[in-house]
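Peer 1: What the sequence shown shows, in the UniProt record's numbering, is residues 1 to 910, in sequence order. Just so you know, even glycine gets a beta-carbon here, dropped at the ideal spot from N, CA and C.
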Amino acid sequence: FFRLILYFNVTVIDRGFISWGKKAIAQIVKVTTYCIFESVNKMDQQKRKASAESDESSRSNKSRTIFPTKEGAGFVEGSIVRIKLIKFLTYDEVEFRTGPYLNVIIGPNGTGKSAIVCAICLGLAGKTSWLGRATDPKDFIKYGAQSAKTEIELFNPFDECNYVIAREISHGKSSHWWINNRTTTQKAVEELVAKLNIQVGNLCQFLPQEKVAEFARMTMQELLENTEKSVCRDDMYENHQRLKTARREARTMEEDLKSLEEELDQKRQKNIRLEEDVKSYNDRKKFLEKVEVLKMKKPWLESGLLKEQYERAKEERDRKFDELKREKKQTEEIQRKHNGLKEKKENIEKETRQMSKTILSKTKDVEEHRAILGNMTEKIEQEKNEFNSKLKEEETRKKKLGALQKELASLEQQLVDISSSSDEHEITQNLDRVAKDLRDVNLQMTNVQTQGEQLFKEINNIKAEIRANETRLREIRNVNNRRLEILRTLHQHTYDAVLWLRENKDQFKGTIHEPLIICLNVTNPADAKLVESHISFNDLKSFVCEDPDDLDLFMRKMKNELRLRVNAIRAPPQPASSFKPQYPISHYKKYGFQRYMQQLFTCPEPVMRYLCLMYNVHRIPVGSRDIKNNTERISAECQELNTYYAPDVQYSVKRSKYSDNVSHRNTALKEPRAFTDSINVEREQELTNQNKEFSLHQQAKEEEYKVLQEESDKLVKEINDLREQKRSLMKRKDQRKGLETHIKTKKQKIEFINSEELNVQEERDRLHVQLKVIVKEKLKLFRKIKCLSAECVSLAKVRVERSLQLAECSAVFYTADAELQKARHKFEGLEREVRELKDHVKDTKEQTEAKLREAKQAAGIGPNDELEEKLVERGVWEDFQNAPQRLQDLENEIYSMQARAEAMFMVDEE
1 FFRLILYFNV TVIDRGFISW GKKAIAQIVK VTTYCIFESV NKMDQQKRKA
51 SAESDESSRS NKSRTIFPTK EGAGFVEGSI VRIKLIKFLT YDEVEFRTGP
101 YLNVIIGPNG TGKSAIVCAI CLGLAGKTSW LGRATDPKDF IKYGAQSAKT
151 EIELFNPFDE CNYVIAREIS HGKSSHWWIN NRTTTQKAVE ELVAKLNIQV
201 GNLCQFLPQE KVAEFARMTM QELLENTEKS VCRDDMYENH QRLKTARREA
251 RTMEEDLKSL EEELDQKRQK NIRLEEDVKS YNDRKKFLEK VEVLKMKKPW
301 LESGLLKEQY ERAKEERDRK FDELKREKKQ TEEIQRKHNG LKEKKENIEK
351 ETRQMSKTIL SKTKDVEEHR AILGNMTEKI EQEKNEFNSK LKEEETRKKK
401 LGALQKELAS LEQQLVDISS SSDEHEITQN LDRVAKDLRD VNLQMTNVQT
451 QGEQLFKEIN NIKAEIRANE TRLREIRNVN NRRLEILRTL HQHTYDAVLW
501 LRENKDQFKG TIHEPLIICL NVTNPADAKL VESHISFNDL KSFVCEDPDD
551 LDLFMRKMKN ELRLRVNAIR APPQPASSFK PQYPISHYKK YGFQRYMQQL
601 FTCPEPVMRY LCLMYNVHRI PVGSRDIKNN TERISAECQE LNTYYAPDVQ
651 YSVKRSKYSD NVSHRNTALK EPRAFTDSIN VEREQELTNQ NKEFSLHQQA
701 KEEEYKVLQE ESDKLVKEIN DLREQKRSLM KRKDQRKGLE THIKTKKQKI
751 EFINSEELNV QEERDRLHVQ LKVIVKEKLK LFRKIKCLSA ECVSLAKVRV
801 ERSLQLAECS AVFYTADAEL QKARHKFEGL EREVRELKDH VKDTKEQTEA
851 KLREAKQAAG IGPNDELEEK LVERGVWEDF QNAPQRLQDL ENEIYSMQAR
901 AEAMFMVDEE
């Protein structure tokens, strides 16, 4: 921004400048004033420099030529002389020249002031991110144009021609560049701009409107450094950075010096303490030398003790080995006695088992004969039961014969009665009449059933249509769930707040409507991008409250308890019906308008009030693509329309308050994000109405079906009555034939029963013969069982005698076995002790030899050297001899000497 004053000499002031804040304005004014004075001083310096160079050029041809009389004198090198824009944002084509000092462009919003700032940035190889607007250069091409071109002329005092930098922006990925009508690259343009010290990315030199807030957040140090880059000598910023680095290094050196001085003082104090510790150190060293001699003697005493243990272990091993030999002889004698008893016991057990098998075989034979005897007894009872059963059957036969004779007499009497009273011809006529009536009624029943089946199919078809429509309605209404998922992807906090509100609606007095993304429904999905482009995203994700207390409570809950960042608005009090357009839509139909935006969607009434108040949706017309051809006419004849829409374009009209100038802005509509799924209200209403019609039609068909059902019930009753009459007549007709058949059947049964008469005396004689045969066989079996039982008793006596002998032999055997086990345990224990003693002797011998090697190593002598000779040479033999001879006394002496050494002042050996 300030570099424009010095080099571009162009300043653009928007009405939006007022929203920057007092602090930002104060900083801008302060730095601007400073820069103006600095600019004047710099221009004077450049003039003097140019004059000096001019004098020098007269003396040497190596200097550059300056043209002081060149048109536009008063400009500094790099100042903007001319700007030309073609198809850039709101401009079709514009060209203007600037003065050498402060240039100010003033105008209302939308007249193209910011477009000039954007053109300067992009025309001098600046990045779109430095502007804070669009991210792609092609977004700066005027709507409907194929390309845009900027041409910026910069003052060059060293040549007759100024620097003319041109750039053409197309819808492709790259731009085309020219310098003085020669094709070049963006890198060459950047080098030229840097050579002229033009810094479009420095907010202290170039400050677009969208970057004012970022400028206000800059610290004083950042402002100073950026100002140095923009208005001071080339080396000032570098010198400043070197000065900062030198200051940091100086601080580091001061801290290092202080640290070294402290360390030196500590070393001096430590040296004083060490002088006092030297004496204590020497005394302690003497004690430690005595401890070393005592420790040298300790392994020699331990070696002597281990040797004594080795001799005692060796004697104990020999004694146990002799005892093991004696125990082995005793165990062998007990084993021989045990084997003899075992053999005798096994022989007696074998005889006893053989007798038991014989007794068991005899017993089994007895049981088999007893079973046969039982079967014979059962056979006798069976024969008697069969005879008694035959007697009972004979009595039953006689009773049945008497009953059949009585039934035969009754049937014959009935046949006589029917023959005298029945008229067979009359019964036949009645049967024919009933059959004819039954056929007629069945025909009527068939017709009724056919009509009922047809009605039933129609009712089922209607139900199927209703179910299908209900499925379609559920699919349409399921859009809310998809909308909620879209809200989660767009703004997680608002999504969480919606879920919370659905669970806690009872906490509020009035209704809090969910965000517009959910509760607003675009009737036609094709119109979704119109609505979404017109309403800001902040309002689309806002909750709408009807009560102000609910608004305060809701925001406290969200901010303080749930820590959610959400938007909430209050619906205006006036009803939605009070918002009316200036003219009906028919007034604008000649221009191609069809509806107002309010008619494109549905929403709760409080939400509609807010949208009418804030976005004038009741006054924004929407038309077809024909509007593109009528924009000039609409601008001239409908001055009340500042914004209107075609299916893919938003048209904005700006009218100057100071002149009759009118600017148009066409913005292509982006694809919707929030309203990608919309509820088709017309289709929903159509399906609902269809279901109502289907329900009424179903009720009418069910009433018809109910009438047919009642008629069917009457016909069924009539058919049942006629069938009953037919059965009665057929019964009367068939009664005579039935009686004759029954009489014949009864006579045949009587003949059959008479043929089955039993001869009782013959059956009784046959029974006596069979019983005599069975009794003789039973007597034979009794005699055989008696012989077998006597043999079993004799064998059992012998087995008892053998069992007593076995018990006596077993007692002696178990006693001998216990003695054998005891002897074996004792022998094994002695054997184990002998092995352990052998191992102990071996281990003790190894320990003794190891301890002896350790003692020689501690004394510092070789395996074949004499201890006394070596210690006398070292001068410690006397101390070695005077040391205690008992191990415990020696250890106590070592501990005492070490304690005295430890108690003395510890010296820092470092």
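(1) By how many angstroms is the C-alpha of isoleucine 466 removed from the C-alpha of glutamine 507?
(2) In or out: serine 58 buried (at least 16 other Cβ within 10 Å) or exposed?
(3) Identify every run of the beta strand (DSSP E) within the stretch 646-728, keeping only runs that are complete inside it and at least 3 residues long; order them along the chain.
(4) Quick check on the DSSP output: what are the complete beta strand (DSSP E) runs of length 3 or more inside the stretch 144-188, in order along the chain?
(5) Is the Cβ-Cβ distance between isoleucine 517 and leucine 487 less than 7 Å?
(6) What ranges does the beta strand (DSSP E) occupy inside the stretch 91-122, keeping only unbroken runs of at least 3 residues that lie completely in it?
(7) Alpha carbon to alpha carbon, how far is leucine 294 from alanine 899? Give it in angstroms, no decimals.
(8) Hey, is the stretch 719-728 in contact with the stretch 436-450, meaning 3+ C-beta pairs nearer than 8 Å?
(9) Does the beta-carbon distance from histidine 534 to proline 581 come in below 7 Å?
(10) Looking at the strands, I want to know which residues DSSP matches up with tyrosine 644.
(11) Within the chosen definition, does the stretch 294-304 reach the stretch 850-864 through at least 3 CB pairs nearer than 8 Å?
(12) Measure the alpha-carbon distance for glycine 21 versus methionine 218 and round it to whole angstroms.
(13) Count the other CB atoms, across all protein chains shown, that sit within 10 Å of the CB of glutamine 709; report buried if there are 16 or more and exposed otherwise.
(14) Indicate the three-state DSSP secondary structure (helix, strand or coil) for tyrosine 583 in the structure shown.
(15) Starting from the Cα of glutamine 382, find the closest Cα among Glu791, Thr815, Ala646 and Leu767 and give me that residue.
(16) I need the DSSP call for isoleucine 861, collapsed to helix, strand or coil.
(17) For a quick check, are the C-beta atoms of valine 94 and leucine 102 less than 7 Å apart?
(18) Find the nearest neighbour of leucine 196 within the set His176, Asn162 and Ile169, judged by alpha-carbon distance.
(19) CB-CB under 7 Å to methionine 558, same chain, minus the five flanking residues each way: which ones, in chain order?
(20) Leucine 837 to tyrosine 814, Cα distance in whole Å?
(21) Going by C-alpha to C-alpha distance, which of Leu89, Asp136, Phe579 and Lys328 sits closest to residue 912?
(22) Which of helix, strand or coil does DSSP assign to asparagine 892?
(23) Of all the options Ala646, Ala636, Pro647 and Ala668, which has the alpha carbon lying nearest to the alpha carbon of lysine 654?
(24) Nearest by alpha-carbon distance to lysine 364: which of Glu791, Lys399 and Glu808 is it?
(25) If you measure between the beta carbons of glycine 592 and isoleucine 569, is that distance less than 7 Å?
(26) Ends of the beta strand (DSSP E) at proline 548?
(27) State the beta-bridge partners of cysteine 545 as determined by DSSP.
(28) Going straight from the alpha carbon of glutamine 685 to that of threonine 135, what length do you get?
(29) Quick check on serine 114: buried or exposed, where buried means 16 or more other Cβ atoms within 10 Å of its Cβ?
(30) Beta-carbon within less than 7 Å of lysine 344's beta-carbon, same chain only, minus the 5 sequence neighbours each way: which residues are those?
(31) Quick one: grab the DSSP three-state call for isoleucine 83.
(32) Could you compute how far the alpha carbon of asparagine 892 sits from the alpha carbon of phenylalanine 321?
(33) What's the gap between the Cα of threonine 688 and the Cα of threonine 450?
(34) Is the number of C-beta pairs between the stretch 278-286 and the stretch 830-846 that are closer than 8 Å three or more?
(35) To the nearest angstrom, how far is it from the Cα of valine 434 to the Cα of lysine 731?
(36) Buried or exposed: which applies to threonine 90, given that a residue is buried once 16 or more other Cβ atoms fall within 10 Å of its Cβ?
Peer 2: Result, derived from the coordinates:
(1) 39 Å
(2) Here serine 58 scores only 42 on pLDDT, less than 50, and its place in the model should not be relied on; the value that follows carries that caveat. Serine 58 comes out exposed.
(3) Runs found: 649-655 and 662-668.
(4) 147-154, 163-170, 176-179 and 182-184
(5) Their beta carbons are under 7 Å apart, which means isoleucine 517 touches leucine 487 by this criterion.
(6) If one requires a minimum length of 3 residues, the beta strand (DSSP E) runs lying completely within the stretch 91-122 are 91-97 and 104-106, in chain order.
(7) 14 Å
(8) yes
(9) For histidine 534 and proline 581, no; Cβs fall outside 7 Å.
(10) Tyr651
(11) yes
(12) Because glycine 21 carries a pLDDT of 43, less than 50, the predicted location of this residue cannot be relied on, and the following value inherits that uncertainty. About 14 Å.
(13) Exposed.
(14) coil
(15) Leu767
(16) coil
(17) no
(18) Cα-wise, what sits closest to leucine 196 is Asn162.
(19) Ala497, Leu564 and Val566
(20) 34 Å
(21) The chain is shown only over 1 to 910; residue 912 falls outside these bounds and no answer can be derived.
(22) helix
(23) That would be Ala636, whose Cα lies nearest to the Cα of lysine 654.
(24) Glu791
(25) no
(26) For proline 548, no beta strand (DSSP E) run applies; the uninterrupted alpha helix (DSSP H) run containing it begins and ends at 548-556, by DSSP.
(27) Ile512 and Arg570
(28) 44 Å
(29) buried
(30) Cys809
(31) strand
(32) 41 Å
(33) 32 Å
(34) no
(35) 14 Å
(36) buried
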